[in-house]
Each structure stands twice: as structure tokens, then as C-alpha cells.
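Residue numbers (our numbering), protein chains in the order written: chain S, 164 to 984; chain Y, -15 to 259; chain R, 423 to 595. Notes follow once the structure below has been shown.
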């Protein structure tokens, strides 16, 4: 059945055949598409959805006209700097700010005692303070904040603040955090160690599953911590007016959460606070929660009555972190002789850093999505997050699902090899089916996993190459899936996850108000396309007003790959209502029923006789005359998806995207140097709203995965981050990044806006194991930890050949491997 | 902070003498920016050398190529005399950071900063380059680049690096650089080899290693393996093994000492094979 | 404070700067040309790339005093005085060579410097010329494509890359 429906490869074309010129010269990526099925409210077919097109905001980006948070300067403003701990773990005995305060140009200094309010992005772990009250928990933990007339003076003042510490033993690893003889970072009388969160879940009959297995595979893996490293350093401008209203311009992916927490921490009514999210210069999950500098700037703006700007230095960005958790795994999989999985037991230990952040959710995510890719009839998951004296970890693109995917796909190749199975066919055979439910109660709807595997492997001739290339060359496959937004909000409430207002101007322009944040992912263009499609106008006719808590209805934010699905659906809901009003008044003019009214090419017409038409402007004016101002609201609330067990709230999503990546590599067998020659990635995006954007998200995900696979590390020495700069923290340059081929697979999700799912995070996940599998194919040895460095390559080859040939002349002992094997 | 733009070398030397350790010399400024960020004394002086034309020239004589310390990596990459007499310098200049750094980074700064993984220094040492060291009231003294970079700091407070001299002679040279990533990167290990040939036999050889010791060093064992031999894969392998023995690498965040030593062997072998 | 005279995007600016002031502070804070971005302040990301006499530099490392009597081009100086987009800018838009856009100004200027010197760059030359500019969003592919199509368009137009003159501003008495 599915095979018969398999689409042929084609480039995105205009199914409407509409003659209206598209604003783009961009070639569309290849799209695997079934015969287009138009939703009932779009009988005239698509004229915008699926097209390639430039990002609407790119015109002002290439001219430097946009104002990012740090680009905002206000009259009489102050510059703020945060004093940060030099100790990994210490009690603060005394803070003396008098000398700093006496420095000419210094206007105010605050410390933790001034804002003694605990908060946390998750209501379940409010363990942060704007500045340390009595204990510092990592090198970089904020202690005080200085504001001065200029940046240099603020910096000088920091050096004059005297802090007396009483050092405490630092907890710097998962193993140390599990010990009972070290001090607790956060006092917890119920424990004797530094465990933050434990999760133990079991679904199906795991014992029976393993008992019925023909083979059992057990491996250990370590996924290194990484950080987002957006090029924009976090920045905030805070202004407190004589009207006692506070305005924050913050580089944030989640203006709503900043709004909520600023109100709580500052003790102000939320109605007196306005949070504006200007364009964000890259987020990747790193700007999804309120930060100390934002709250300190707000507090100081109120205290001084002058605008306060704080822009983090690059070093501080490393300290702010909230990046990928380092995770250690034990993975046990039982299979039948034909590879059918009988049971999986996954154990994960997450190194959480000093605070909770989103860590409780991350812990669940290291186990939750194991089951949505391949059929797993029995599943046991034990997760454990610990506190350590390092910058706090949080969500990074792929949030918690990236690390286990490295382990799962690595072991799956090993299983295929051990059982003599073709690794691609094997994956397809055990792939989950569309419209099924996983053993842990997750609802899978549209699923193009098999199509993705086919597309990526056929394009690369994977089956002809794998295991057959010369030593030193390799090809690797991996697949994965991701959420289209978490099914539940992070704080319990029954309200929509996203709202939108669509206003139709009598001049033909359409404005959408949406609480999203544009961090480069393309939410602005996505919203414009959905509204333009619904109303038959050009995306350039749509003005997107986003991320302003005074103006825009709440959207929970640009994280969790939720924006297209949730904000897109809310915007479509609002636009459909406007369409309905316009259609009714136009129908009256045409003398037909409203169902016969079509919208395309800035015209509104009778679907039965397209000659009978009017311009969109005429139709808008007709509607305004008939109904009054055309401004409609829309909302999106996901269906109830959570199963009935504790912890079931993490994992459900209204839809899952699917991806398959094939990496082709060359390995220098003498130096261990890895050259990734090409990455081909097929992604099931449901339906692509904007082909350019989807392709960009795929390529960006591949890029980010490449860095994590090959070079990004998170090392500490003597309690301190060793490389908090962009030279030593390696991110791939243009010379490191291979050609990337993006293949868009469409499955038309029934609940997504026009069938769309996500593309922001999912495409990253399979890249890392695909590279690992390709390297294994090239060197005939497996590496069980990231990043896969040249040094590990040589060691793995030596271990596989049972010699230490390459390094035998060496007398100096090499550094111990971080792999907990 | 006081600021000076001396027009002549002597003027600069007098200023250096006067301000001693409070003097900060501005050439390309890529390192100075970091030093200044750590804070400077109120009576510090910034001495900008940009007006001293003598320090920015590239000239040749019958026997030597003279390169002023203010010559940038970009200029080394493109200058016809460098391409003619010291092509390895052009090669290494092209691998220094990226275009933005090459515009400003100077050969003098590369030497004086004495980084163990400096990009230009291995080529200079392979070429047996030396340099003038100037100070107020004294005659210029000459020191080899290898000696200069082996000291911490490379220069004393009142000293200024003068012109760099690269002897001109027919030679074969090659360069190997291994990095963690391919752009905007210093060497994990790099190897520069230069040989003068007497017929088919290596008459003289210089092998310089970066990232393999506390400073850029010569691999004298590897040089001995080359001198008097005919180039072959066996000789290359022997040179590689000797270079690895000469190396004294450190373990740091980027690589272990063992891996660096293995790289020295492989890269030296490859560099010799490429001659 | 030190007096400097700098031609910025065609306008001669007289200014007083601190001896250790960076060119980045100068253009962003004194001139309010905020198109030039700060990404690291250490020369490791390229976001602040501007041209000095046509050559790319990291404005965060460059001393403002070294810009005295020289031409500085920032992203604001790429498009025509009437607001017409430069070919390179147009090609960046068409190739979707940006996502968040924060690295874009620096990327554009690094590319402009390349095309000025190398009108028909190979893909490797483009990659090498942009290797000092980190982009965390795009994976570089569309950027490379944009620069190559700009090169092609510029050759076709027979036009030169953005207005820039290599000779220094003559100091006035």
C-alpha cells in the first residue's frame, strides 16, 4: 500500500499553475511529494505553500538596518556588567562593594541580597537566583551587577568589588556527583548525593522481552556536552519609565517566559511589564529561559530610573550556557535472529551543571523518544540527572534526544552487522508505522521514516557502498525523529499554547500579531506564507509583528520545534476566520455560496467561474463595509495526548518529524583526520510551507551536528571551563562543512498547518550517528563517544587491531579516555 | 594612557627606553588587544609603529631577503620576492588564521609572541632566519629566530624586533600543518622542512616543529637523518621517527602528548616525501 | 584622546578616540553604525568584519587610531546612496544565504574583499576567504552559492564590487 504511494522525485512546482510571479530566484530543494491533497478550506490549491522564497526579513538583514538587542541605544543609558564567581563551589562570606561604588561614573551596584527571589524556568525546580545569595556553584555564577555611565567604568568597578569566599569541595563529574561524601550543591535532605532528578519507567514486559531475545547487545556510550555558540552574545536593554512601566528588549527565544518570571522576581504586576524580542542573532535553545543579566538589568533600570543595557561577553555566553548535557549511557537491546527488537533497557546519566534549568525535561527526553522511531514492544528507561559545579546545562537543538540517538543508531548498525542484515533495510523493517501508538503511550500520526531512509540511501547508493569501500572510506546511515512542539506547556495551564491576531487593512495589507520570536529559523516567513496562502495574497503583503507582550497574543516561544505547528496553526485559524468574513461578503456580490469563493494571486474569485472576480483590496473593503473592522483571533491548543503515568507529560507531541541522514567520509589512517565529504539528509516535514526555509533548517541542523560529531568539547580543569572562547571551542568553518543535500519528504500531517511539521531540530539528530557509523565503516572499528576526534580514530584502530603500533614509540602516557567503558 | 606615533626607529627606541615595562608596542595589534583588556597602568604608553616605513619593507640583496617586522601575513602571501626566495613563508602566511587576521598580523608579532604553535615561525626556522634586535643606544644585535622564540618573553622590555633576514639559496621546502578544524586555526602540530641539495644528496637540512615543544624548535635528530642522504621513503620515515624523538609535546585541551608525537612523525615523514 | 580623520563609507569623519579604542567601538558607538556586529571581541568569529582600504579586518581587534587617514567600509556602505542593494546583497537574499543574519554583515564584507581581488573565485577560494567568518545557522552552503552567483553577476555587469578606493585620504592641513 505505502509502496504504491511512493512519490517520485520532483522539484517543488506551483500546483496551482498560478501565473503570479514568485519573488524568488531560489531553486527549490528536491521534494518527495505525493499528489497534492488540498485541505477543505483551500480548494483552489496552493499558491504560496511549498514554494521557495526569500526570507521576508533578509532585506533589512543584508543592509544592517535591523536592530538586535545590543544595537539599541537609549538616551541617558547605563551599561551593566556582572561580577561572576571565580570559584567553582564556595560560600560567600562577605561582599564589599564600597570601593566600586566610590568609583566616579558608577551609578549602582546590586548583589544577591537585593533580589532574594528563587526562580526557575520549570516550576518544579526553582533553584536559581539573579545573583548568588550565599553560595556560588560554578565559575561564572553571577554575584553582583554594576551599572555605570560607560562600559569601561563598569568593568573597572567589577575589579573593585571584594568578595571573600570559603571554598567548598567542587563536584566536577557524574561520578563525583553520585558520591555521598561531597557537599550538596542544593541542600536536599532526602538525598546524600547530588542527584537532581531520577526517572524510572517501564513499559511492556521487559523481562520477558529479553528472555525471548536470540541476541542481547549491551554497550556504553558517552555524549560530550556542547554549547549553542550563537554568534549574537546575549543582550538586554531595560527601561523603566515615570509611568512605572518596565520595558525589556531581550535577545530571547521566549519573551512570554521572561515576562512571567520578570514579574515574579521583580514583584511587579505583569501588566506593568512589556517584553519585546527584537530579532535574535541565533538561539538554538540557548536563549529559552530568563537569564540573570536580564533580570538584573530590569531591577537596575527600576532602581536608577535610567535605561540599562547588559551585553554578555563571549566568555559570559559560555558561562550562561544551558547547552547540551554531557550524557553517559548504558544501552541494552534484545533482538530476534532477524533483528526484531524484543526489549530495550536504556540508562542515562546526565551531567546537569549547577542548576535545574530545563533539566527535568531533558532527563525524560533522553528516554522518551526511543520508541517513536523503531518498534519497541518492551521498554525500560532509567534516567538520572546530577548537579555539578559547572555552567548549567539545558536545551540545545534536539533537546535530550540527540544524545541517546547517537547511542541507539550506533548500536543498531552493530546489531545489523552482527546479524548480517543490510543496515538500511533493517531499519525500514523495524520502523514504526504511521497512525500507531508506542509502548510508552506516544501517539504517532504521519510518519515518513521509511521514505526518508529510501530517499537518503538511494541518492547516495548506500547499499552498494556500505562495507565495500576501501579502508579509509566509509558511509554511514542513521535515522531519527523529533517533536513538533511539546504536547504540554512547561507550566500547567488550560490556555492555548499559541495565539494570533490577523488584521486585514482596507489597503490590502495584512498584519499578523504573534508572540513568537524570530531567531533566524524563519518564523516570520512561515507566518506570512500561511496567512498569504489562506487569503490569497503575496507573503510580501503580510506584515508580521512578533514577540511583543504588549501587542502580541501569547505564544510560548521559539523552542521545542513548536512554532510552525502551533503558531502556524493559530495564525491559520485567525486568517481562516478573516477569509470566511471576506468570502461571505464576496459571495453575496457574486451571488454564490461562500464555499465557492477562492483566494489567490491577490484576487478573490468564484471557483465556479474564475472570470467572476475582484481584487483582494476590493474584497477587503467590501468585507469591512459589511462586518466592520476585519481583525480576527486564532488559537492553537494541542489535543490531550499524555498517557496516564507520572512523567507521561514529556514526549507527547501533536506530530513527529522523521529524518534519515547518510554521511560519506574519508579517514586519514595515519593522522586519524576525518573528512566528511558529503551529508545527504531526507526529512519528513509533513508539508513544507517554504522550501527555502526547510532546506535552510536541514542544512543548519546538519552543520550543527557536524560540529558536535567531530570537534566540539566541553572540558574543565580545576573547576574552570578550559576554553570559553570561539578559537578553542571549535565550531566548523566554511572549510570544514561539506556539501549538504537536503531532500524534503512530504507526508501531509492531518493536524499540521496545511500538513506541515517541524524542521528546526529533527534534522540535527541523525547526523552525529551517521558520521559515527561512516567512520566505523571506514576504519572497521567503533567509537563510542563524541566528539570523534582524530586521536580517538587512531586509538580505536589500534584497539581493533590489538596493537599499539601507531603510538608504540611513545613513552609519555596518553590522557585517559573519557569513555566510561 | 599616552599615545605615540614615532616616525623613526630611534624615536621608538627612546620611547621604549623611557616607558620600560609600561610601554605597549602596537604593530598588528591582534595580541595587544588582549593584553590591554587585562588592564593597564594609568601612566602606560601605547607606541604605534605604523609610521616607521623602514619596518614595513621587503627587500632582497644578493645573499639575503630582508623582511621588516611590520610586514603582514597578507603581504607575505602576495609579495613577489617572498614567493621567489622564501615560498614556504607565503604558504605558512596563507594558513595563518583567516583573511581578517592576515590583513593585520605581522611577521614581527608572530615571532615576538613566541607561541609554540605560531604559523610563520616554523618556516623561518627552517630557512635559518635571524633577526635584528634593537635597543636605544646599543648596536643592533642579531639572534636566530629559534633563539628568540625560545625565550620568555622573547624580547626584553626596552628591545624592539628589527628586520628579519632570510638567507637566499636554492632549496627545497615543504610544510605540513594538522589542525582540529580546517579554517581559522592554529596548528595542533606543524612541520616545516627545508633542504639544500648537493646533487642528489641532501647537503644541509632544517626541520622545524610547531606544537611539539614549549616553543617552536628544530628537530636536530631529524636533520641529521636527512643530511648526507638521498631522499627516499625510508629516509623520510627515519626522519619522522627522529623528529618524534626530538619532540617534547604537552597534553592540553586540544590533544594528548602521545597523539602530538605521533603527528610529528607522520607529518615530518610527509613533509620530507613532498620535498 | 587622539584625533583621527577617517573616510567611512565615503564620508570623511573627524573624531577624537581613545588610543586603545577598537574600530568596532568607534563605528558602533561613536558613529552609531550598528550594522557591524560584535560576536566575540577576540577575532575568532568574524562578525565584526569591515574593510580598511579594501582589506578585511576584525574591527574588534583593529585599533581605531590605525584607521586614521584610511577608508573604512561597513555594511551600511555596501548599498548605493539611493538604497539600491549591491549585487552581493541581492545574491545573499536570493540564495537564502542568511538565517538569523547576525554574521551576515561581516560575511558580506569578507566576500566583497574576495571579489574585489578575485573576480572568478573557485568554490574552495570562496570557502577559504570566508573561513574567518563563523555562521552557526546556515551550514555555509547558500553563502558560498550567493558569493559565486554574485561573482558571476558582477562579471556580467562588468561592474566592480562595492565602491571603494585603495588610496588613502589626503590629510588636510
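C-beta: ideal position from N, C-alpha, C; glycine also.
| With a cut-off of 7 Å, does the C-beta of residue 865 of chain S fall near any C-beta of chain R? | Taking Cβ atoms only, chain R reaches closer than 7 Å to residue 865 of chain S, which makes this a yes.
Would you please verify whether the beta carbon of residue 896 of chain S is less than 7 Å from any beta carbon of chain Y?
For residue 896 of chain S, the answer is yes, since a Cβ of chain Y falls inside 7 Å of its Cβ.
Is it true that the CB of residue -3 of chain Y sits closer than 7 Å to the CB of residue 8 of chain Y? Judged by their CB atoms, residue 8 of chain Y and residue -3 of chain Y are not nearer to each other than the 7 Å cut-off.
| C-beta neighbour in chain S for residue 162 of chain Y, strict 7 Å | It does: the Cβ of residue 162 of chain Y has a partner Cβ on chain S nearer than 7 Å.
Problem - Cβ contact check for the segment 99 to 116 of chain Y and the segment 187 to 196 of chain Y: 3 or more pairs under 8 Å - result: Result yes; three or more Cβ-Cβ pairs closer than 8 Å.
Inset, instruction - Check whether the segment 231 to 243 of chain S touches the segment 453 to 468 of chain S, counting contact only when three or more Cβ pairs, one atom from each stretch, lie closer than 8 Å. - result: Between the segment 231 to 243 of chain S and the segment 453 to 468 of chain S, the count of C-beta pairs closer than 8 Å reaches three or more; the two stretches touch.
Q) Since residue 511 of chain S contacts residue 546 of chain S with CB under 8 Å, what's their CB separation in whole angstroms? A) Here residue 511 of chain S really is in contact with residue 546 of chain S; their C-beta atoms are around 5 Å apart, less than 8 Å.
Check your understanding: Under 7 Å between C-beta atoms, does residue 243 of chain Y make it to chain S?
Key -> By this cut-off, residue 243 of chain Y is an interface position.
Review point. If you run the structure through DSSP and keep just helix, strand and coil, what is residue 766 of chain S?
Key: In the structure shown, residue 766 of chain S falls within a strand segment according to DSSP collapsed to helix, strand and coil.
State the Cα-Cα distance for the pair residue 470 of chain S and residue 437 of chain S, rounded to the nearest angstrom. So the two alpha carbons sit approximately 14 Å from each other.
Please list, in chain order, all residues of the same chain as residue 464 of chain R whose beta carbon is under 6 Å from its beta carbon, the five residues on each side excluded. Counting only Cβ-Cβ distances below 6 Å, and skipping sequence neighbours, we find nothing.
I'd like to know if residue 141 of chain Y contacts chain R, where contact means its C-beta is closer than 7 Å to some C-beta of that chain.
Not one beta carbon of chain R lies nearer than 7 Å to the beta carbon of residue 141 of chain Y.
Item checked: Beta bridge counterpart(s) of residue 312 of chain S as assigned by DSSP -> DSSP, once it has assigned bridges, lists no residue as partnering residue 312 of chain S.
Straight-line Cα distance separating residue 183 of chain Y from residue 210 of chain Y: Put simply, the backbone Cα of residue 210 of chain Y is about 14 Å away from that of residue 183 of chain Y.
Query raised in the report: Can you find a CB in chain R that lies within less than 7 Å of the CB of residue -9 of chain Y?
Result: Not one chain R Cβ lies under 7 Å of residue -9 of chain Y.
- Under the assumption that residue 681 of chain S contacts residue 953 of chain S (Cβ atoms under 8 Å), give the Cβ distance between them as a whole number of angstroms. The distance from the Cβ of residue 681 of chain S to that of residue 953 of chain S is about 38 Å, inconsistent with a contact at the 8 Å cut-off.
ask   = Are the segment 528 to 542 of chain S and the segment 585 to 604 of chain S in contact at 8 Å, needing three or more beta carbon pairs?
value = Judged by pairs of C-beta atoms under 8 Å, the segment 528 to 542 of chain S touches the segment 585 to 604 of chain S, as three or more such pairs exist.
What residues in the segment 490 to 506 of chain R have a beta carbon less than 9 Å from any beta carbon of chain S?
From the segment 490 to 506 of chain R, only 496, 497, 498, 500, 501 and 505 have a Cβ closer than 9 Å to chain S.
Quiz item: If you count every other CB in all the chains shown that lies within 10 Å of the CB of residue 921 of chain S, and 16 or more means buried, which is it?
Solution: Residue environment: residue 921 of chain S is assigned as buried (16 or more neighbouring CB atoms within 10 Å of its CB, all protein chains considered).
**Report entry** Secondary structure, alpha helix (DSSP H): runs of 4+ residues fully inside the segment 311 to 364 of chain S
**Finding:** Counting only runs that start and end inside the segment 311 to 364 of chain S, the alpha helix (DSSP H) elements of at least 4 residues fall at 314 to 323 and 337 to 341.
CB contact check: residue 15 of chain Y to chain R, cutoff 7 Å:
With 7 Å as the cut-off, residue 15 of chain Y does not count as an interface residue toward chain R.
Three-state secondary structure assigned by DSSP to residue 844 of chain S: Looking at residue 844 of chain S - three-state DSSP - the assignment turns out to be strand.
*Is the beta carbon of residue 460 of chain S less than 7 Å from the beta carbon of residue 401 of chain S?*
Going by C-beta atoms, residue 460 of chain S is nearer than 7 Å to residue 401 of chain S.
Original post:
What alpha helix (DSSP H) runs, 4 residues minimum, are completely inside the segment 622 to 696 of chain S?
Top reply: Taken in chain order, the unbroken stretches of alpha helix (DSSP H) that lie wholly in the segment 622 to 696 of chain S and span 4 residues or more are 625 to 628.
Quick check on the burial criterion: 16 or more other C-beta atoms within 10 angstroms. Buried or exposed for residue 717 of chain S?
Residue 717 of chain S comes out buried.
Is DSSP giving residue 577 of chain S helix, strand or coil here? The answer is helix: DSSP assigns residue 577 of chain S an H, G or I state.
Query - CB contact check: residue 582 of chain R to chain S, cutoff 7 Å - result: Confidence is the limiting factor: at residue 582 of chain R the pLDDT is only 49, short of 50, which leaves the residue's position unreliable, though a coordinate-based value still follows. Not an interface residue.
| task | Taking only beta-carbon positions, decide if residue 522 of chain R is within less than 7 Å of chain S. | result | So, interface residue.
| said: Quick check: what's the CA-CA separation for residue 172 of chain S versus residue 478 of chain S? | reply: Only weak support exists for where residue 172 of chain S lies, its pLDDT of 29 falling under 50; the value from the coordinates is given anyway. Spanning the two alpha carbons is a distance of roughly 46 Å.
(Q) Against residue 224 of chain S, what residues of chain R qualify as contacts under a CB-to-CB distance less than 7 Å, listed in chain order? (A) Neighbourhood of residue 224 of chain S in chain R, by CB distance below 7 Å: 520, 523 and 526, in chain order.
Cross-chain neighbours of residue -13 of chain Y in chain R, by beta carbon under 8 Å: By Cβ distance, chain R contributes 424, 441 and 487.
Should residue 76 of chain Y be labelled buried (16 or more other beta-carbon atoms within 10 Å of its own) or exposed? With 16 or more other Cβ atoms from the protein chains shown falling within 10 Å of its own Cβ, residue 76 of chain Y counts as buried.
Interfacial residues, the segment 171 to 198 of chain Y to chain S, with Cβ spacing under 9 Å
For the segment 171 to 198 of chain Y, the residues whose beta carbon sits under 9 Å from a beta carbon of chain S are, in order, 172.
Exercise for the section: Would you mind telling me which residues of chain Y sit closer than 9 Å to residue 827 of chain S, beta carbon to beta carbon, in chain order? Expected result: Simply none; closest approach about 17 Å.
(message) Can you check which of these residues, S:380, S:361 and S:548, is closest to residue 494 of chain S by C-alpha distance?
(response) Nearest C-alpha to residue 494 of chain S: S:380.
**Asked** Going by other Cβ atoms of all chains shown within 10 Å of its Cβ, with 16 needed for buried, is residue 484 of chain S buried or exposed?
**Response** Buried.
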